[in-house]
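Take a look at the structure below.
Protein chains: 2
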Amino acid sequence: MWQYHPPLRDIQFVTEELLNLPAQWAQMPSFAEVDADTARQVIEEAGKFASEVIAPLNAVGDLQGCTLKDGQVTTPNGFREAYQAFVQAGWPALACDPEVGGQGLPQSVNAVLHEMLNSANHAWNMYPGLLHGAYESLLAHATPELRAQYLPKVVSGEWLSTMCLTEAHAGSDLGLLKTRAEPQADGSFRLSGTKIFISGGEHDLTDNIVHMVLARIADAPAGTKGLSLFLVPKVMPDGTRNTLRCDGLEKKMGIKGSATCVMNFEGATGWLVGEANRGLAGMFVMMNAARLHVGLQGVGHAESAYQNALAYAQERVQMRAPVREATRQNAEADSIVLHPAVRHNLLRQRALLEGGRVLAYETAHLLDLAERHPDESVRHVAHDEVSLLTPICKAFLTDNAFASAQAAQQVYGGHGYIHDHGIEQCVRDSRISRIYEGTNEIQAIDLLVRKVVADGGVKLGGLITRLQQELPATELAERVHPWLANWQQATQQLLQQCKGDPELPYRVADDYLRLAGLVLLAQGWVRAEAVAAHASSPFHTAKRETARYYLDYLLPEAGLCLARIRAGQNPLPQLHPPPP
Amino acid sequence: MWQYHPPLRDIQFVTEELLNLPAQWAQMPSFAEVDADTARQVIEEAGKFASEVIAPLNAVGDLQGCTLKDGQVTTPNGFREAYQAFVQAGWPALACDPEVGGQGLPQSVNAVLHEMLNSANHAWNMYPGLLHGAYESLLAHATPELRAQYLPKVVSGEWLSTMCLTEAHAGSDLGLLKTRAEPQADGSFRLSGTKIFISGGEHDLTDNIVHMVLARIADAPAGTKGLSLFLVPKVMPDGTRNTLRCDGLEKKMGIKGSATCVMNFEGATGWLVGEANRGLAGMFVMMNAARLHVGLQGVGHAESAYQNALAYAQERVQMRAPVREATRQNAEADSIVLHPAVRHNLLRQRALLEGGRVLAYETAHLLDLAERHPDESVRHVAHDEVSLLTPICKAFLTDNAFASAQAAQQVYGGHGYIHDHGIEQCVRDSRISRIYEGTNEIQAIDLLVRKVVADGGVKLGGLITRLQQELPATELAERVHPWLANWQQATQQLLQQCKGDPELPYRVADDYLRLAGLVLLAQGWVRAEAVAAHASSPFHTAKRETARYYLDYLLPEAGLCLARIRAGQNPLPQLHPPPP
Numbered sequence: 001m002w003q004y005h006p007p008l009r010d011i012q013f014v015t016e017e018l019l020n021l022p023a024q025w026a027q028m029p030s031f032a033e034v035d036a037d038t039a040r041q042v043i044e045e046a047g048k049f050a051s052e053v054i055a056p057l058n059a060v061g062d063l064q065g066c067t068l069k070d071g072q073v074t075t076p077n078g079f080r081e082a083y084q085a086f087v088q089a090g091w092p093a094l095a096c097d098p099e100v101g102g103q104g105l106p107q108s109v110n111a112v113l114h115e116m117l118n119s120a121n122h123a124w125n126m127y128p129g130l131l132h133g134a135y136e137s138l139l140a141h142a143t144p145e146l147r148a149q150y151l152p153k154v155v156s157g158e159w160l161s162t163m164c165l166t167e168a169h170a171g172s173d174l175g176l177l178k179t180r181a182e183p184q185a186d187g188s189f190r191l192s193g194t195k196i197f198i199s200g201g202e203h204d205l206t207d208n209i210v211h212m213v214l215a216r217i218a219d220a221p222a223g224t225k226g227l228s229l230f231l232v233p234k235v236m237p238d239g240t241r242n243t244l245r246c247d248g249l250e251k252k253m254g255i256k257g258s259a260t261c262v263m264n265f266e267g268a269t270g271w272l273v274g275e276a277n278r279g280l281a282g283m284f285v286m287m288n289a290a291r292l293h294v295g296l297q298g299v300g301h302a303e304s305a306y307q308n309a310l311a312y313a314q315e316r317v318q319m320r321a322p323v324r325e326a327t328r329q330n331a332e333a334d335s336i337v338l339h340p341a342v343r344h345n346l347l348r349q350r351a352l353l354e355g356g357r358v359l360a361y362e363t364a365h366l367l368d369l370a371e372r373h374p375d376e377s378v379r380h381v382a383h384d385e386v387s388l389l390t391p392i393c394k395a396f397l398t399d400n401a402f403a404s405a406q407a408a409q410q411v412y413g414g415h416g417y418i419h420d421h422g423i424e425q426c427v428r429d430s431r432i433s434r435i436y437e438g439t440n441e442i443q444a445i446d447l448l449v450r451k452v453v454a455d456g457g458v459k460l461g462g463l464i465t466r467l468q469q470e471l472p473a474t475e476l477a478e479r480v481h482p483w484l485a486n487w488q489q490a491t492q493q494l495l496q497q498c499k500g501d502p503e504l505p506y507r508v509a510d511d512y513l514r515l516a517g518l519v520l521l522a523q524g525w526v527r528a529e530a531v532a533a534h535a536s537s538p539f540h541t542a543k544r545e546t547a548r549y550y551l552d553y554l555l556p557e558a559g560l561c562l563a564r565i566r567a568g569q570n571p572l573p574q575l576h577p578p579p580p
Numbered sequence: 001m002w003q004y005h006p007p008l009r010d011i012q013f014v015t016e017e018l019l020n021l022p023a024q025w026a027q028m029p030s031f032a033e034v035d036a037d038t039a040r041q042v043i044e045e046a047g048k049f050a051s052e053v054i055a056p057l058n059a060v061g062d063l064q065g066c067t068l069k070d071g072q073v074t075t076p077n078g079f080r081e082a083y084q085a086f087v088q089a090g091w092p093a094l095a096c097d098p099e100v101g102g103q104g105l106p107q108s109v110n111a112v113l114h115e116m117l118n119s120a121n122h123a124w125n126m127y128p129g130l131l132h133g134a135y136e137s138l139l140a141h142a143t144p145e146l147r148a149q150y151l152p153k154v155v156s157g158e159w160l161s162t163m164c165l166t167e168a169h170a171g172s173d174l175g176l177l178k179t180r181a182e183p184q185a186d187g188s189f190r191l192s193g194t195k196i197f198i199s200g201g202e203h204d205l206t207d208n209i210v211h212m213v214l215a216r217i218a219d220a221p222a223g224t225k226g227l228s229l230f231l232v233p234k235v236m237p238d239g240t241r242n243t244l245r246c247d248g249l250e251k252k253m254g255i256k257g258s259a260t261c262v263m264n265f266e267g268a269t270g271w272l273v274g275e276a277n278r279g280l281a282g283m284f285v286m287m288n289a290a291r292l293h294v295g296l297q298g299v300g301h302a303e304s305a306y307q308n309a310l311a312y313a314q315e316r317v318q319m320r321a322p323v324r325e326a327t328r329q330n331a332e333a334d335s336i337v338l339h340p341a342v343r344h345n346l347l348r349q350r351a352l353l354e355g356g357r358v359l360a361y362e363t364a365h366l367l368d369l370a371e372r373h374p375d376e377s378v379r380h381v382a383h384d385e386v387s388l389l390t391p392i393c394k395a396f397l398t399d400n401a402f403a404s405a406q407a408a409q410q411v412y413g414g415h416g417y418i419h420d421h422g423i424e425q426c427v428r429d430s431r432i433s434r435i436y437e438g439t440n441e442i443q444a445i446d447l448l449v450r451k452v453v454a455d456g457g458v459k460l461g462g463l464i465t466r467l468q469q470e471l472p473a474t475e476l477a478e479r480v481h482p483w484l485a486n487w488q489q490a491t492q493q494l495l496q497q498c499k500g501d502p503e504l505p506y507r508v509a510d511d512y513l514r515l516a517g518l519v520l521l522a523q524g525w526v527r528a529e530a531v532a533a534h535a536s537s538p539f540h541t542a543k544r545e546t547a548r549y550y551l552d553y554l555l556p557e558a559g560l561c562l563a564r565i566r567a568g569q570n571p572l573p574q575l576h577p578p579p580p
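So the protein sequences, as listed, match chains A and B. In terms of the numbering used here, the first sequence is residues 1 to 580. In terms of the numbering used here, the second sequence is residues 1 to 580.
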């Protein structure tokens with residue numbers, strides 16, 4: 001049945017052998033005390049927590065879901081106790097600033113923690129998964145009074161938080177949202193409106209919930225420039241209940257243990273976070289952290305899908321493999337892991353998973369560099385790269401995770417379609433990551449329109465140059481150099497063409513992001529192969545084989561992306577409804 | 001909310017304008033009385049039944065599912081009444097032989113009926129969907145006594161039937177199955193064993209259920225050559241209950257209104273159908289019919305996904321489109337159907353859906369030619385083509401349907417993840433079609449190993465020649481000729497190479513099938529474009545635009561398949577478990 005084993009060996013390969021993170025931390029005063037042993041120990045403990053405490057609640061959470069009665073939400077059995085253990089062990093504060101009670105560990109270590117929690121139980125991890133966003137937003141924008149009152153409990157995880165953005169008519173387009181905020185004489189505001197799809201809007205894990213709410217102050221400009229961000233607690237500082245409540249839970253395809261709430265604010269008291277009408281900027285701080293987090297959900301799902309499918313394929317015996325060892329010539333049937341179609345399926349999963357892990361951890365490390373490196377120019381370059389890589393992590397890694405989950409399901413045959421094996425839950429759960437925190441199509445527009453076209457390709461050129469310089473002098477690298485050049489060339493061409501055709505970048509954005517993701521993973525795999533070339537263990541041999549598999553079978557899709565980008569120069573038909 | 005409108009206009013385009021089926025029927029005495037008007041009337045009635053009677057039960061079937069109590073299965077509210085109406089209207093007998101009570105309509109018309117039923121309610125259609133398989137098998141192999149006793153009630157639909165193949169340890173590999181059949185003095189057999197994943201193994205739609213069971217007679221050879229096919233009724237001819245029962249219902253990802261049963265046969269009485277130890281041949285008759293039927297499920301799901309996503313995209317207003325009409329320059333936001341990413345999404349769906357419909361209906365028509373054409377050489381060629389096209393229909397159309405369903409879900413954003421809109425059910429329901437009736441990977445092996453390699457590519461060469469000859473003299477056709485040549489050339493190369501490398505066809509089978517499907521749809525689209533070139537209606541304009549879209553954006557994937565087939569010449573790594 002479904003199980004989760006923390007992939008400690010591969011995590012160590014990526015963090016230590018490939019990315020050499022401990023040496024990088026040593027160059028940053030903030031992380032001077034984090035060495036390889038510390039990080040490894042934290043990661044091992046995180047793996048234990050994920051596999052022993054959280055993973056056993058994954059199936060039960062899916063079966064039970066959440067229930068709403070008289071405005072109170074009950075989470076599945078065990079969720080509350082697991083969350084309390086999580087808080088007691090200090091996990092929420094892992095990457096928070098020591099000045100506000102955090103442990104000050106690097107984001108790259110926090111990324112490992114959240115990958116593992118997501119592997120183990122995506123629904124459960126929806127609750128603490130938003131903590132970091134609220135933390136960043138309060139730290140950067142809240143008044144000293146609000147910070148003093150709320151930040152310590154957010155950092156410790158004693159209070160959980162939400163992001164209240166979406167309304168029924170305003171999902172991708174926050175400019176359309178209508179929730180109102182009326183200023184009060186005491187400097188507070190009264191918020192009124194209905195928010196939907198609020199993860200953890202109500203639950204029984206913590207006594208208070210800190211809602212971060214986007215709303216419009218009376219007479220604010222229309223659109224996104226009239227949005228302000230508010231902190232609206234479930235329980236007021238004096239212990240009374242604020243006038244907000246959960247009026248419904250969504251019946252969802254997956255992550256059923258996560259309470260997705262309809263939240264009604266009925267003159268609820270809140271306080272402005274940051275400047276009036278600058279709420280979107282405050283929210284974007286949260287959303288960027290959240291988007292990398294969603295990319296890590298992709299890695300997490302891809303990991304649990306792969307390891308379960310591999311175990312099943314080794315155990316399940318069906319049909320004779322077309323080529324068999326001499327000793328098995330008379331066996332009735334073989335383990336299906338010997339059948340070429342199953343090997344392709346699993347190798348594709350592995351290549352996307354392990355390659356995706358490199359990209360995600362490297363982006364988390366760039367976040368550390370952007371925030372903590374003593375050299376301003378390093379911080380600046382890292383910041384630029386994070387802005388490019390975040391939408392790629394979010395979209396590419398979650399697209400791949402869903403593809404891998406349903407590929408893993410295919411390995412199980414009919415057994416994959418029933419609940420018992422857990423893999424169909426993985427398919428359902430992983431599906432949401434492609435939608436929320438900005439659909440993957442919106443990530444693609446963010447990358448191409450807002451990041452690449454907006455600065456004439458300057459930041460992207462810098463990234464590609466760095467990627468070229470990092471390529472080792474190997475045979476495999478020779479196959480990736482042309483793809484980095486193709487990416488750069490396609491970008492230059494688009495920059496020229498879109499001057500006379502403003503719709504063009506929108507027509508090709510999805511294929512552009514996929515091209516970028518495929519080439520990035522290729523670059524990572526070539527580096528991994530070079531590192532693995534120095535060792536002959538089965539682990540390193542598999543690394544080299546998988547690198548080659550990626551280049552042979554997965555990288556060629558980049559050519560398809562280029563062909564589609566070229567086709568995108570032509571107008572795209574409008575859709576007409578079929579005649580009745 | 002989720003709705004189904006029968007796509008009568010496109011069905012008419014494919015059956016009449018493109019495939020010219022009425023003229024083809026006129027050449028077959030069996031269908032001499034079926035003219036365009038008759039077929040159109042039947043199809044319209046079928047559409048009414050699907051949309052008015054079956055579609056309204058789709059969501060409720062998903063919510064309620066089936067329940068088992070004391071061996072009795074209760075289907076969701078309305079399923080039984082709908083089935084009775086289905087029988088009363090004579091739908092089960094549509095394509096059955098008039099000599100045994102059928103209406104003798106072509107398979108191509110029956111295909112339309114089942115596409116529509118599957119669009120409307122896949123779970124409900126699981127019950128009558130297996131009728132045709134049992135019908136074919138009894139007609140071809142049963143003794144006159146058995147035929148007389150069972151065939152009329154199977155044809156009328158008064159009794160539903162099952163295919164009892166799978167056992168827990170024997171799914172794809174039927175050779176491993178263990179259910180035993182003990183011969184009795186009266187010529188009957190006593191069957192004992194446990195079958196799983198039996199669709200409609202028990203239900204409340206009909207008073208009797210005719211189980212077609214694969215089992216092993218004592219002392220039969222091991223493997224598939226020791227399997228025999230039996231008819232085992234739920235209720236004996238004397239009205240007593242046979243000793244078989246449903247001991248469990250699977251909790252599944254989707255098609256929850258379909259009862260998927262664990263069936264225990266405890267010395268149940270059955271009668272041999274066909275020769276002893278030749279059961280697999282009898283079962284394959286059923287399975288081939290079933291495989292085309294599953295391909296039609298793909299078309300059905302793709303249709304309902306597309307039409308619902310299109311309607312939602314037209315209605316939903318979010319963000320400004322990058323290019324807007326002058327009159328809308330001040331509008332707050334646009335219908336999302338104007339956004340390029342959504343147009344790509346929907347055009348891709350439409351291109352795969354309408355192209356897939358051509359392939360499915362043409363295959364159904366070839367089945368008619370193979371069975372009913374007066375000229376033996378026509379029957380022979382058609383039979384060969386059906387054998388090649390059936391696995392392609394099954395795998396390619398269901399892969400595309402699942403891809404389309406989850407693409408449609410993406411159009412809905414967050415609203416696509418919740419139950420209310422019905423699209424997440426479509427994703428869950430459509431997923432099974434890639435697994436059952438032989439996984440899509442097994443279809444690929446069937447195509448390349450058992451059909452193409454087995455006869456040295458002779459049948460395939462014939463098919464490709466026919467496809468080339470049918471291409472019109474148009475600009476688009478010039479773009480497809482090279483792909484037919486590429487397909488043929490890749491085949492010849494594989495035939496050469498696999499002589500010294502018996503694993504090779506297994507390594508490339510999935511990409512080979514996908515290549516075949518992509519080129520087949522391209523050929524169909526080029527013909528459709530040529531037909532549509534003669535008319536200027538919005539419908540025909542959209543056809544031409546979609547044909548071009550297919551060639552620009554979807555056909556290039558064939559190049560990726562070729563690249564992977566080339567890569568497949570190299571050995572494929574074996575999977576090792578990661579070190580602990």
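We put the beta carbon where it would ideally sit given N, CA and C, even for glycine.
Indicate whether residue 116(B) and residue 223(B) have their beta-carbon atoms separated by less than 8 Å. no
Identify whether residue 5(B) lies in helix, strand or coil by the three-state DSSP scheme. coil
What are the residues that DSSP puts in a beta bridge with residue 199(A)? 260(A)
Is the number of C-beta pairs between the stretch 191-203 of chain A and the stretch 255-265 of chain A that are closer than 8 Å three or more? yes
Just to confirm, are residue 127(A) and residue 138(A) a CB contact at a threshold of 8 Å? no
List the DSSP bridge partners of residue 561(A). DSSP, once it has assigned bridges, lists no residue as partnering residue 561(A).
Sheet register partners of residue 211(A) (DSSP bridge): 162(A), 232(A)
Residues of the stretch 61-81 of chain A with Cβ closer than 8 Å to any Cβ of chain B, in chain order: none
Compare the C-beta of residue 284(B) against all C-beta atoms of chain A and say whether one is closer than 8 Å. no
Residue range of the unbroken alpha helix (DSSP H) whose run includes residue 153(A): 144-156
Just checking: is the beta-carbon of residue 360(A) within a distance shorter than 8 Å of some beta-carbon in chain B? no
Taking residue 93(A) as the reference, give the member of 68(A), 75(A), 131(A), 82(A) with the closest Cα. 131(A)
Quick one: list the residues of chain A neighbouring residue 439(B), beta-carbon separation under 9 Å, in chain order. 341, 410, 413, 414
Quick check: what's the CA-CA separation for residue 493(B) versus residue 435(B)? 30 Å
In terms of DSSP beta bridges, what is residue 474(B) paired with? In DSSP, residue 474(B) forms no bridge with anything.
Based on the DSSP output, what are the partners of residue 335(A) in its beta bridges? 317(A)
What would DSSP say about residue 482(B), mapped onto helix, strand or coil? helix
Within 8 Å, strictly: CB atoms of residue 512(A) and residue 565(A): yes
Using a Cβ cut-off of 9 Å, pull out every chain A residue sitting near residue 509(B), in sequence order please. 340, 341
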